[in-house]
Amino acid sequence: MEDRVRRHHGLTVSEFDRFVDAQRDESDWELVDGEVVMMTNPTENHEQIAGNIGAPLKLAMDAAGCRSYQGGMRVQRDEDGRGRDKPKPDIVVRCGPRQNRTFVTDPLVIVEVLSPSTMDRDRGPKLSFYKSLPTLRHIVLAYQDQMRVEHYRREADGWVCDVLTAPDDVLRLEAVDFAIDLGRISFDVPVLRPIVGG
């Protein structure tokens, strides 16, 4: 979840890192298309959906020798500080040797739990940035106000989007050999409403 901060535009990752280091409070920030964005406290529904996906995904990734991070890891294109994006997705999966940094440059899976106030940014500039990452294979956008998941998967000829709207629809993350149905993703989220017309 996020809230725009209008006074910081056009920053690079290096400038953003200096901005974050200079903060004197507990606020959380991300950089999206050069703009500093303050992240707000998540709702219970947001955290329930993130946990419904994140907990079984972490167990599966631990067993597979990969790592799953929930809510604490930023993503940037490379170690060069000249980029203009450093978002903090709800869930990030990466494989490979432990790097023990505060960001990853080689995600395989990214999950964002959407809310009405963040949807335009998450489905706009953040999605464009994620699609540009060479290692990324799956982008999952999970809605918290309706039973809907948009699954972007990278194929040989580009990105394909599958939309899941029924409880028995299955989200398959082939790159990490993980599957979960939409009913499990939306477990104990009372405000979900059915989709009319898909």
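Under this note's numbering, the residue at position 131 of the sequence shown is numbered 161, and the numbers go up by one with no gaps.
The C-beta atom is built at its ideal place from N, Cα and C for all residues, glycine as well.
- request: Kindly give me the distance between the Cβ atoms of Val43 and Arg124, rounded to whole angstroms, as I take these residues to be in contact under 8 Å.
  value: Actually they are not in contact, since the Cβ atoms of Val43 and Arg124 sit about 18 Å apart, beyond 8 Å.
message: Excluding the 5 residues flanking Arg202 on each side, which residues of the same chain have their C-beta closer than 6 Å to its C-beta?
response: Excluding sequence neighbours, Arg202 sits near Ala209.
Collapsed DSSP secondary structure at Val66 in the structure displayed: In the structure shown, Val66 sits in a strand (DSSP, three-state: E or B).
query: Any idea if Gln106 is buried or exposed, counting beta-carbon neighbours within 10 angstroms, 16 or more meaning buried?
result: Flag for Gln106 reads buried.
C-beta contact flag for Tyr144 and Met177 at 8 Å: The sequence given here places Leu at residue 144; Tyr does not occur at that position. At the C-beta level, Leu144 and Met177 stay beyond 8 Å of one another.
message: Among Arg184, Asp136, Arg214, Gly154, whose alpha-carbon lies nearest the alpha-carbon of Cys96?
response: Asp136 is the residue among Arg184, Asp136, Arg214, Gly154 whose C-alpha sits nearest the C-alpha of Cys96.
Stretch pair the stretch 82 to 92 + the stretch 154 to 168: three plus CB contacts closer than 8 Å: The stretch 82 to 92, when compared against the stretch 154 to 168, does not touch it at the 8 Å Cβ threshold.
field: Cβ shell of Glu142 (< 6 Å), same chain only, five flanking positions each side left out
entry: The residues are Pro119, Asp120, Asp152, Leu171.
Coil, strand or helix - Gln78 by DSSP: Gln78 sits in a helix when the DSSP states are folded into three classes.
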